[in-house]
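Below is one structure; the comments refer to it alone.
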Amino acid sequence: MGRSSSLISFSLTLLILFHGYTAQQWPNECQLDQLNALEPSQIIKSEGGRIEVWDHRAPQLRCSGFAFERFIIESQGLYLPTFFNAGKLTFVVHGRGLMGKVVPGCAETFMDSPVFQQGGQFGEGQGQGQSQGFRDMHQKVEHIRCGDTTATPPGVAQWIYNNGDEPLILVSAADIANNQNQLDRNLRPFLIAGNNPQGQQWLQGREQQPQNNIFSGFAPEILAQAFKIKLETAQQLQNQQDNRGNIVKVKGPFGVIRPPLRRGQGGQQPQEEGNGIEETLCTMRCTENLDDPSSADVYKPSLGYISTLNSYNLPILSYLRLSALRGSIRNNAMVLPQWNVNANAALYVTNGKAHIQMVNDNGQRVFDQEISSGQLIVVPQGFSVSKRATSDKFEWIEFKTNENAQINTLAGRTSVMTGLPLEVITNGFQISPQEARKVKFSTLETTLTHTSGGPMSYGRPRVEA
Amino acid sequence: MGRSSSLISFSLTLLILFHGYTAQQWPNECQLDQLNALEPSQIIKSEGGRIEVWDHRAPQLRCSGFAFERFIIESQGLYLPTFFNAGKLTFVVHGRGLMGKVVPGCAETFMDSPVFQQGGQFGEGQGQGQSQGFRDMHQKVEHIRCGDTTATPPGVAQWIYNNGDEPLILVSAADIANNQNQLDRNLRPFLIAGNNPQGQQWLQGREQQPQNNIFSGFAPEILAQAFKIKLETAQQLQNQQDNRGNIVKVKGPFGVIRPPLRRGQGGQQPQEEGNGIEETLCTMRCTENLDDPSSADVYKPSLGYISTLNSYNLPILSYLRLSALRGSIRNNAMVLPQWNVNANAALYVTNGKAHIQMVNDNGQRVFDQEISSGQLIVVPQGFSVSKRATSDKFEWIEFKTNENAQINTLAGRTSVMTGLPLEVITNGFQISPQEARKVKFSTLETTLTHTSGGPMSYGRPRVEA
Amino acid sequence: MGRSSSLISFSLTLLILFHGYTAQQWPNECQLDQLNALEPSQIIKSEGGRIEVWDHRAPQLRCSGFAFERFIIESQGLYLPTFFNAGKLTFVVHGRGLMGKVVPGCAETFMDSPVFQQGGQFGEGQGQGQSQGFRDMHQKVEHIRCGDTTATPPGVAQWIYNNGDEPLILVSAADIANNQNQLDRNLRPFLIAGNNPQGQQWLQGREQQPQNNIFSGFAPEILAQAFKIKLETAQQLQNQQDNRGNIVKVKGPFGVIRPPLRRGQGGQQPQEEGNGIEETLCTMRCTENLDDPSSADVYKPSLGYISTLNSYNLPILSYLRLSALRGSIRNNAMVLPQWNVNANAALYVTNGKAHIQMVNDNGQRVFDQEISSGQLIVVPQGFSVSKRATSDKFEWIEFKTNENAQINTLAGRTSVMTGLPLEVITNGFQISPQEARKVKFSTLETTLTHTSGGPMSYGRPRVEA
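Protein chains in written order, with my numbering: chain H, 1 to 465; chain L, 1001 to 1465; chain B, 2001 to 2465.
The following block contains the structure:
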């Protein structure tokens, strides 16, 4: 008797265990009856900063297909070149720096040629007659600053250097569910240089091992032959004795060739004509600043602004199938309830606090909290969400899994309610035509509105019941 | 001894259990050795009609990625605005009605302006000088009738009103496997108004709960502020005390603004010039009638007709990645055996009966039954199927998971056999060249043929051995 | 005590068992810490040859989405018409033959009209006045020879005949993970003629049964009516008594209508004007030869050549989402380490041997072996790979899961290292600027290089440290 009952309880335990296991395994399970503000689950420390990784198997991220990371690069820190198996969008939250991407097959269009070089036995090139040599040439280097949003295709190596005095903070969202990622649903960094002694703890099913750069997997002899270098140099490419991680500290100056800052500091003239080759694919724009209110898509001085980045203003996004939205609202401003029509969204708070409510397909409130700077929340397709600033300023960046993500608002001048005939509203909600008309037409704003008491910015008195 | 054997049997039971469990979980498992005509598995009753839902986890639907529903809206019933997480095609099986979709960002182009309105404190708009007010304005409203097929993108709210005397019956197929659906493989209705006290029983893994509209998940204070309405009205938007379901009965007249019927009843003139704004996306055609034999793609007076709807004649389908085929054949007519080249199909019988045989990749007959009005059957990619009418008329609608679904016929003038050289046929089937020639050229029809005895419609005598 | 420990061990066993089971089930699991050269797992023998099938559930193929097959068709062997549920690319490894595809809806453009035919009661067609009849007409037939690569969409039946003296060997890769396949992740052949008495052993979850042609699943009466043939002929179409398999031996001549060989053997003139109908889709080019060094993309006389086939030179590939790369290198030549940016690759060795090293995202060497003629290896997205010929010649064909697969090289003139600024390299690898310059600029080749000792082909002395 006792034994059989223990067998039953044992079998039940097993059942629950396996149920849990297979449920966890499920790649895009979306039974989301309770959402949470998410914090990073792993911190990878390096000499020159740290990388904070969100667990992409958390139910919300698993459902939406996002992998999310935050990079904190200290002053003079260099995030070593790394590529991924998925396309991603990166937003600069704080600080400034230099960034380079190595696009396969594109030419080294940034070339330095001031002084004769002693070690100049390499590639004097076409200009040998006129110039006398060069110190270096490489692909495009860009200045990045707060608000910049940059797209990185899969397989394209990217490096970032903090040339400012403050930490450079970036957040980055990859869509591991779309077909740019041809592996399984894991974000896999491939390190060209550096390493990660802690290993990729977010990978399921792999025994934890330190992660090395991709050179370290090749026999040094092969590297020596491929690069036509000494075996010792080949061994150094493998970073085996290195434990500085993936973000290193640069000693001394960091003298890459780069154009002057956009703001024209230093009095230098743009030198664009000097760099020769222009190719369509290789010169494709990948970066756009979203922090300039003068190019906002929705703007109300007293409330805030919203800017969007999609494949119409950054065409490479149609290839990555991602887009972004930047919002900045003032205290007591509210983003009218809305839902994503054709995308999932990952919302990261860059500054301030807001109270957020979210409602799922069952009409249940699945999120009802204040979220604050540094937190992440997922808004799945169709889930309605309202945001209300609860600090002086609330600023966020939203990444969406569609190159032309559309929203639909529940309230406001262009909302679903305004598009419905009065009769549908009166019958659907059993309210009078007068009330229905108020529901349809009282709110004249499209996206942002005041929540209470604040100064009004309409040209006409607002109708309050 | 006895204990160990019981342990073994217990372990076997567990094994089978888990095998069954994981097999059920598998999202697009297609081991289809036996197909069935499918009936709805859940009926959601409402005040003004009912919604019948097929279980999308049934092996055939799971394999093909379809979610299938039937709407029966009684006279004066109003299907309240609802949107889904997937694109879908809806076919009107019976009756007539009015339908509206609220496309995000599009203007309210249907406007009424006959009389001055007492509650006219809202939005007098640009025309204030000339006109004197308006009773209502909303997005496009369409008349629908038997044979109409309409495309609804994900996230777009749709409502339907039965303004006829008979029940309005619609069937609707959504492709939950393509990337318009960014959630998991479940069809999720999001209710703008109404509710579903029975809950979404077809959702796996969620504890059954009544489904409410999306307003009911928000705090009433937020709704009051968003809509600038009284708290009481906000509470009414939540339909909390409502138990009329998702299809309600309209009391009194249903006076939405709509153009006159296409057939010109009532003598009114079209008023298209009155509605102002014309936008490409917002005026995209979403509806087409498939019941007019005069626009059929295949037509034989004595046999029947077949009409298709794909992205060439309804461009929005390239976005939804769906297409449709409408067929109507007479008694003893036969649709020649064929297979879907690049799509799965869901075949729903709207009228009459037919005997259907279907053959899988193993050459096994996996379906061999008569199916009749109201039944659904899935035809997976590559599976060959023959249809033979067994009642006076057999009519069906087929939804396909490709915007340009192609078929290939086994027999007939454009069939695979006609395209093969004689030598391939004689060698492949070990038949004489004379027989092979008959196999290739005896059937002159492409799609439809007589099965036996009926009147012949060829211009020349048919060769029978 | 003993019992409880046995219970624990039993539960652990179960856990491992299920862990293994669900891990195996996972459709695109990519935890690849160890790769192997793959051999076929099933051989399907037929009268006129054999089909060798790789197990698509092997971890590497499961991860990459490939299904891989090899066809060995003996002289006078006829691979009977078969279609699949996925698009595929086929490469002719050895021999020559004739090939036909039956594209749905396309006309029979190959027509014979020399002699009056006694059985000429069928379709004299438009030319009745002038000509006197025809022996046969069918769709396009192509000559295929070593190096030909041909694209076959899903649902399109294809047959192949060996009209040479040596075995005709083909390898074929299908992408069962892209959306051309709308069923589950299995490659399913649908046989128009022939059969497979061994059954599809590679299908999981289906009880093993002999595979018959698709006619055998229909009732003979239906076939007789559809084809308007005798019941006996209909029964013969079902190949029930046949046990010759899917590749049969042709007795006597195989007289299909075909144009003369491209090489002009036999002195016949091209007769293209005779065939009438020209349609865009029906005349789309599907085949290209990759063995002609004169059209190579990378070519060094002393090292070898590489040719690619993508949607730019074969537009149908954009529909199938596949591309191919053909390589041929000499002894001691090396393909510089590289990775696939946006695709998985399946590499099949057609001739010779090579030593291959491959490195995963963790920097681990996951493959380090010699592979030789007839072996297959998968190169997942992002995994770096180096190839070094270890026999007189090493030749391979690579299939990739992207219509425009891109690579990035680790070393060489257009490599990622050359695109990086010196400072990134010196800081990343802690090497001197002199060494970094060598890493960047020593190797002047882009793709192929000598490994050691062999004759140099540069115009200038190579710098070795």
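By construction, the Cβ of each residue, glycine as well, lies at the ideal position given by its N, Cα and C atoms.
query, result
"Can you list, in chain order, the residues of its chain whose CB lies under 6 angstroms from that of GLN1235 of chain L, leaving out five sequence neighbours each side?", "PRO1220"
"DSSP three-state call for ALA1234 of chain L: helix, strand or coil?", "helix"
"Whole angstroms are fine: how far does the CA of ALA354 of chain H sit from the CA of THR447 of chain H?", "16 angstroms"
"Give me the DSSP bridge partner(s) of GLU2166 of chain B.", "According to DSSP, GLU2166 of chain B bridges with nothing at all."
"List the residues of chain B whose Cβ lies closer than 9 angstroms to the Cβ of SER1384 of chain L, in chain order.", "PHE2190, ILE2214, PHE2215, GLY2217, PHE2218"
"According to DSSP, SER323 of chain H sits in a beta bridge with which residue or residues?", "H:LYS400"
"Per DSSP, TRP2054 of chain B is paired with what?", "Partner(s): none; TRP2054 of chain B has no beta bridge."
"Can a CB atom of chain H be found closer than 9 angstroms to the CB of ASN1085 of chain L?", "yes"
"What does the Cβ neighbour count give for ILE43 of chain H, buried or exposed, with the cut at 16 atoms within 10 Å?", "exposed"
"Here's the rule I'm using: 16 or more other beta-carbon atoms within 10 Å means buried, otherwise exposed. How should ASN2402 of chain B be labelled?", "buried"
"Rounding to the nearest angstrom, what Cα-Cα distance links PRO2153 of chain B and TRP1339 of chain L in this structure?", "14 angstroms"
"Quick one: does LEU2448 of chain B have its CB under 9 angstroms from some CB of chain L?", "no"
"Going by alpha carbons, who is nearest to ARG2413 of chain B out of H:PRO104, H:VAL335, H:GLN34, H:GLU39?", "H:PRO104"
"So which residues on chain B does ASN239 of chain H lean against when the C-beta distance must stay under 7 angstroms?", "PHE2429"
"Any beta carbon from chain L within less than 9 angstroms of LEU376 of chain H's own beta carbon?", "no"
"Less than 7 angstroms between C-beta atoms, sequence neighbours within five positions excluded: which residues of the same chain meet that for VAL349 of chain H?", "ILE371, SER372, SER373, GLY374, GLN375, TRP396"
"Where in the stretch 345–371 of chain H do unbroken runs of the alpha helix (DSSP H), each at least 4 residues long, occur, reported from the N-terminal end onward?", "none"
"Helix, strand or coil for GLU2279 of chain B, going by three-state DSSP, please let me know.", "Because the pLDDT of GLU2279 of chain B is 41, which lies under 50, any placement of that residue in the model is unreliable, and the question is left without a value."
"The alpha helix (DSSP H) that contains ARG437 of chain H, what's its start and end?", "433–441"
"Taking all protein chains shown into account, decide if TYR79 of chain H is buried (16 or more other Cβ within 10 angstroms of its Cβ) or exposed.", "buried"
"Please state the DSSP three-state secondary structure of THR418 of chain H.", "helix"
"Contact check, ASP2392 of chain B vs GLY2352 of chain B under 8 angstroms by CB: the rounded distance?", "7 angstroms"
"Any beta-carbon of chain H closer than 9 angstroms to the one on TYR1529 of chain L?", "Nothing about residue 1529 of chain L can be read from this structure; chain L reaches only from 1001 to 1465."
"Taking a contact to mean a Cβ-Cβ separation below 9 angstroms, would you say SER442 of chain H touches LEU336 of chain H in this structure?", "no"
"Quick one: Cα of VAL250 of chain H to Cα of GLU47 of chain H, how far?", "10 angstroms"
"Taking Cβ positions only, does GLN2225 of chain B come closer than 9 angstroms to chain L?", "yes"
"My guess is that GLU2069 of chain B and GLY2049 of chain B are in contact by the Cβ rule of under 8 angstroms, so how many angstroms apart are they, rounded?", "Their Cβ separation, rounded to whole angstroms, is 12 angstroms, which puts GLU2069 of chain B and GLY2049 of chain B out of contact at 8 angstroms."
"Exposed or buried, which one is LEU261 of chain H when buried takes at least 16 other CB atoms within 10 Å?", "exposed"
"When you compare the CB of GLN1198 of chain L with every CB in chain H, is at least one pair closer than 9 angstroms?", "no"
"Any beta carbon of chain B sitting closer than 9 angstroms to that of THR1451 of chain L?", "yes"
"With 16 as the cutoff for other CB atoms within 10 Å, does ASN1246 of chain L come out buried or exposed?", "buried"
"Quick one, which of B:ALA2086, B:ASN2162, B:LEU2035 has its alpha-carbon nearest HIS2094 of chain B's?", "B:ASN2162"
"So the candidates are B:ARG2135, B:GLN2076, B:ALA2224, B:ASP2148; which of them puts its Cα closest to the Cα of THR2308 of chain B?", "B:ASP2148"
"For ILE222 of chain H, which beta-bridge partners are listed by DSSP?", "None; ILE222 of chain H has no bridge partner."
"Measure the beta-carbon distance from GLY1097 of chain L to ILE1160 of chain L and round it to whole angstroms, keeping in mind my assumption that it falls under 8 angstroms.", "6 angstroms"
"For THR2090 of chain B, does the three-state DSSP call read helix, strand or coil?", "strand"
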